[in-house]
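Under our numbering, think of the first position of the sequence shown as 1, with each following residue one higher.
Just so it is clear, CB atoms sit at the ideal spot from N, CA and C, and this is done for glycine as well.
The structure appears right after this line, and notes come after that.
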Amino acid sequence: MQQINIGIIGFGTVGAGTFEVLTENREIIADRVGMEVTVKKIADLDIDSDRGIPVDRELLTGDAMDVIDDPEIDVVVELIGGVEKAREYILKAMEKGKHVVTANKALLAEFGQEIYEAAEKYGVSLGFEASVGGGIPIIGAMKCGLSANRIQTMMGILNGTSNYILTRMTQEGLPYDSVIREAVNLGLAEDPPTLDVDGTDAAHKLAILISIAFGSAVSFKDIYREGIGALTPDDIRFAGEFGYRVKLLAIARNLGDRLEARVHPAMIPKDHILANVNEAYNAIYLEGDFMGPNLYYGLGAGRRPTGSAVVSDIMSLARHIRFEPKGPIPPLGHVRSPEKRILIEPIQELTSAYYFRFSALDSPGVLSKIAGILGEHEISISSVIQEGREVAGSVPIIMLTHEANESNVQKAISLIDELEFLTDKTVLIRVNEQS
């Protein structure tokens with residue numbers, strides 16, 4: 001039987017999971033690709049720590065270039081994370097004519113165009129299934145199964161840490177800081193989990209999905225992002241009273257000549273399919289012009305699910321190598337790139353309904369003054385909750401609006417926050433009624 005040799009750079013959580021899948025399911029993998037898939041070298045700065053799996057020490061090296069320079073290695077698997085070193089290693093591997101598999105969402109979101117062009121230049125293939133959704137096969141689905149469609153809508157819960165935090169705040173009424181500590185102690189979050197909770201991680205993943213849908217790399221820096229740090233159990237409780245749940249959503253919509261792309265907390269109806277995705281699970285909802293609605297659900301991170309996704313790319317490349325087709329697999333699934341650059345609509349152009357929580361002194365005229373400023377900016381109120389109980393000397397005033405323009409909302413809130421009877425910054429959550 002033919003053999004394909006793999007070199008792994010990075011032997012942390014995902015690297016160990018990848019090695020575990022390749023060794024534990026060795027026979028299944030060989031049967032399904034028609035050739036042996038063998039790990040020839042593993043590079044990591046730490047080659048002494050126990051990974052919980054048996055590893056032949058002869059495979060280990062402290063130098064990534066031992067993997068890249070090895071002429072017998074067919075596929076380099078980059079799993080070190082970060083950007084600069086990973087970028088350097090991937091480009092060097094491609095220059096050596098090696099196919100590459102990576103789980104590096106930050107690298108592809110920030111330097112995707114350079115990486116995709118290098119793959120074309122050197123005639124190699126690039127797999128990155130594990131960069132979005134962990135064990136959810138969303139990249140393969142979009143590049144292959146759904147490729148005949150124009151994707152109209154993408155909406156997803158793309159960060160398991162944030163989803164776990166919001167689930168615990170919703171179900172237990174726990175404060176944000178308390179759940180953060182719990183998530184870190186359980187190993188579900190980094191310490192601190194900045195990129196998870198501020199929307200950056202989800203924006204990285206959304207940038208990759210958009211690039212596949214439209215055939216051209218888009219920078220995550222153009223995607224509006226906002227985190228969950230300002231939310232309290234009260235916000236989640238009030239949202240529930242209005243019939244909604246709060247999730248950190250990544251949203252993209254095809255508007256024809258431009259694209260809506262944003263990551264932020266959103267209120268969605270309790271009966272929406274994404275409203276019931278809880279704990280550390282991810283889900284991606286897609287709509288296409290012919291396929292209708294699709295939902296992809298599963299564990300978005302973790303050693304074994306992400307390792308499974310990495311190995312799926314290795315297997316795809318192994319089949320490709322075995323049958324020796326003429327050219328590499330196009331990284332984004334588009335043989336011809338679109339002529340026009342993807343334009344992302346500024347968040348200021350968004351039209352949405354909004355939730356506001358104002359913290360105010362309990363004095364006459366407060367509600368009418370706030371309502372007056374909103375009215376001056378063409379923002380109409382659909383519901384109000386005004387509780388009499390004081391919290392740290394303030395009373396919460398909760399409003400739900402009809403649809404309004406984001407630019408008008410931001411102008412109004414900036415004026416309201418300057419009022420002398422406001423004791424804290426206004427909390428704003430966008431309401432997502434659309435599927």
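*asked:* My assumption, with CB atoms under 8 Å, is that V310 sits in contact with A103. Please give the rounded CB distance.
replied: Sure, about 6 Å apart at Cβ, within 8 Å.
*Output the distance between the C-alpha atoms of E279 and P192, rounded to the nearest integer angstrom.*
Using only the alpha carbons, I get a separation of about 19 Å.
*If you compare alpha carbons, which of P175, Y122, K105, N185 is closest to F128?*
Answer by Cα proximity: K105.
*Is E110 helix, strand or coil when you go by DSSP?*
Note: E110 maps to helix in three-state DSSP.
*Could you check the C-alpha separation between R336 and I68 for me, to the nearest Å?*
29 Å
*Since I believe V246 is in contact with P265 (beta carbons under 8 Å), could you give me their beta-carbon distance rounded to a whole number of angstroms?*
6 Å
*asked:* Within 10 Å of its beta-carbon, does D196 have 16 or more other beta-carbons around it, so buried, or fewer, so exposed?
replied: Around the beta carbon of D196, 16 or more other beta carbons sit within 10 angstroms, so the residue counts as buried.
_Cα-Cα separation between A360 and T426, rounded to whole angstroms_ = Inter-residue distance for A360 and T426 is about 10 Å (C-alpha atoms, whole angstroms).
*For the candidate residues Q348, I314, E378, N432, whose alpha-carbon lies nearest to that of V76?*
Closest by alpha carbon: I314.
*asked:* So for L22, helix, strand or coil by DSSP?
replied: helix
*DSSP state of R430, grouped into three classes?*
strand
_Please return the same chain residues whose Cβ sits closer than 6 Å to the Cβ of A30, not counting the five positions on each side in sequence._
E36
*Entirely within the stretch 128-183 and at least 3 residues each: give me those beta strand (DSSP E) ranges in chain order.*
With a minimum length of 3 residues, the continuous beta strand (DSSP E) runs that stay inside the stretch 128-183 are 151-157.
*How is L332 classed by DSSP in three states: helix, strand or coil?*
coil
*First and last residue of the uninterrupted alpha helix (DSSP H) at H402*: Element bounds for H402: n/a, residue is neither H nor E.
_I want to know whether the stretch 149-158 touches the stretch 243-260 - three or more CB-CB distances under 8 Å._
A contact exists between the stretch 149-158 and the stretch 243-260.
*What are the boundary residues of the alpha helix (DSSP H) that includes A103?*
A103 -> no alpha helix (DSSP H), and no H or E assigned at all.
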